[in-house]
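Sequence positions in the sequence shown follow the numbering used here and run 153 to 390.
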Amino acid sequence: MATLESDDSNILDAETINWRLIVYPILAAVVVVTGGFGYYYYLQNQREEMEATARAAVIQAKTPEELVKVADQFPHTDQATLALLSAADGSFLKRDYATAIGDYQRIINAADTNPDLRDAAQLGLASSLEASGKTEDAISAYLEVGGRGAKSPYAPFAYMAAARLYGQRGDNDGERTTLAAAAALDADSPTVKEAQYQLKQMAAATPSMTVTVPPTTVPSPVTPATAQPAPEPPPAGK
């Protein structure tokens with residue numbers, strides 16, 4: 153009986169087997185990875201084509217009902233979300249608040265909705281609830297966006313809208329608290345500056361009220377004592 157130590161053919165077979173044990177797994181891994189990338193690019197291409205087709209359909213849609221049909225036809229696309237948002241806005245303008253609320257909520261409840269579009273829909277929902285006379289629900293909807301703070305570009309506006317509703321029903325504490333929340337956001341925002349101004353106005357109208365407004369950075373004026381003299385012009389002919 154031949155052995156690997158004494159038979160050259162067995163030694164060669166062993167080397168071939170060892171080579172296969174190394175190369176075959178590598179080839180299998182390459183095939184799997186290549187196939188994975190190919191499938192990924194296939195899905196990407198399919199999604200891009202669907203987005204383009206949906207975009208064309210959105211452009212053609214003229215009414216809220218047609219826009220909703222586009223959203224139903226192309227689910228899980230960005231264009232579907234935009235179509236629903238446009239449909240809800242259209243219903244709001246037509247004062248069909250119940251339909252607008254339903255479309256806004258559909259956007260909010262979708263798991264794959266872009267966060268900024270979800271916040272826009274949340275503001276639309278709040279506006280529709282406010283227009284429907286559901287003030288308490290509208291305040292809650294506005295505060296939902298305001299509570300996102302720096303994560304949402306709509307937060308200052310949402311806080312200001314909620315503060316306005318608090319003020320309209322005479323809830324000074326709610327108005328003050330909400331204005332303070334808005335005033336603590338981005339100091340460069342005009343809406344935040346308006347919140348700070350309104351807080352100061354409330355404090356002036358109610359001397360006993362303590363209001364903390366975040367400081368606004370203002371460049372220090374240059375006084376004559378610290379100003380540098382202007383350089384003298386060179387003598388003529390120099």
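For glycine and all other residues, C-beta sits at the position ideal for the given N, C-alpha and C. Please read all numbers here as calculations on a predicted model, not as lab measurements.
Start and end residues, alpha helix (DSSP H) containing residue i
i              : result
asparagine 266 : Asparagine 266 -> no alpha helix (DSSP H), and no H or E assigned at all.
glycine 319    : 307-320
lysine 221     : 216-225
arginine 328   : 324-335
aspartate 230  : 230-245
threonine 343  : 342-357
Cβ neighbour criterion (16 or more within 10 Å) applied to residue i
i             : result
glutamine 256 : Checking the sequence shown, residue 256 turns out to be tyrosine, not glutamine. Buried, by the Cβ-count rule.
arginine 328  : buried
leucine 281   : buried
threonine 330 : buried
aspartate 271 : buried
aspartate 241 : buried
glycine 322   : exposed
alanine 208   : exposed
threonine 358 : exposed
alanine 335   : buried
alanine 250   : exposed
alanine 339   : exposed
alanine 232   : buried
Backbone CA spacing between residue i and residue j [nearest angstrom]
i                 : j                 : result
glutamate 201     : aspartate 230     : 12 angstroms
alanine 273       : isoleucine 259    : 7 angstroms
valine 297        : methionine 312    : 11 angstroms
leucine 245       : valine 222        : 20 angstroms
tyrosine 349      : alanine 333       : 13 angstroms
alanine 307       : arginine 300      : 7 angstroms
proline 216       : alanine 347       : 35 angstroms
valine 252        : alanine 290       : Inspection of the sequence shows that residue 252 is occupied by alanine rather than by valine. Their Cα atoms are separated by approximately 14 angstroms.
tyrosine 294      : proline 305       : 13 angstroms
methionine 354    : lysine 214        : 46 angstroms
leucine 236       : alanine 314       : 25 angstroms
phenylalanine 226 : serine 292        : 31 angstroms
glutamate 203     : asparagine 324    : 48 angstroms
proline 342       : arginine 247      : 30 angstroms
tyrosine 261      : alanine 302       : Per the sequence shown, the amino acid found at residue 261 is asparagine instead of tyrosine. Near 22 angstroms, if we compare the C-alpha coordinates of alanine 302 and asparagine 261.
serine 243        : phenylalanine 309 : 22 angstroms
glutamine 212     : glycine 254       : 23 angstroms
tyrosine 318      : serine 238        : 29 angstroms
valine 210        : lysine 345        : 38 angstroms
lysine 352        : histidine 228     : 46 angstroms
Chain B contact for residue i (CB, 8 angstroms cutoff)
i           : result
alanine 206 : The structure shown contains no chain B; it is built from a single protein chain.
Cβ contact check for the region 263-271 and the region 280-293: 3 or more pairs under 8 angstroms: Too few Cβ pairs lie closer than 8 angstroms, so no.
4-residue-minimum alpha helix (DSSP H) runs that sit fully inside the region 271-312, ordered along the chain: Complete alpha helix (DSSP H) runs here, min 4: 287-298.
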